[in-house]
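K.L.:
Below are the structure tokens for one structure; questions will follow.
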Amino acid sequence: RKYWSKLKVPHKITIMDVLLSVLDFAASYNSFTNLRMRMHQTPSE
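Per our numbering, the sequence shown starts with residue 309, numbered consecutively.
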């Protein structure tokens, strides 16, 4: 967090953008329907 104040605004925007897209991806990846689809794809042993 020390470095945050040293960053220029465009850098902050870029970082926030990346964080948001990662969160968005994680949310969609872990959504219930995707979870069910992935469970069906795994071969039952």
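Heads up, the beta-carbon is just placed ideally off N, CA and C, and yes, glycines get one too.
Looking at the unbroken alpha helix (DSSP H) that takes in LEU315, where does it start and where does it end?
P.N.:
Within the sequence shown, numbered from 1, the residue matching residue 315 stands at position 7. Taken as a continuous stretch (DSSP letters only), LEU315 belongs to no alpha helix (DSSP H), as it is neither H nor E.
K.L.:
Express the C-alpha separation of LYS314 and VAL326 in angstroms, rounding to a whole number.
P.N.:
Position 18 of the sequence shown, counted from the start, is the residue given in the question as residue 326. Position 6 of the sequence shown, counted from the start, is the residue given in the question as residue 314. Looking at the two C-alpha atoms, the distance is approximately 19 Å.
K.L.:
Secondary structure at ASN342, three-state DSSP: helix, strand or coil?
P.N.:
By one-based count along the sequence shown, residue 342 stands at place 34. If DSSP states are grouped into helix, strand and coil, ASN342 belongs with the helices.
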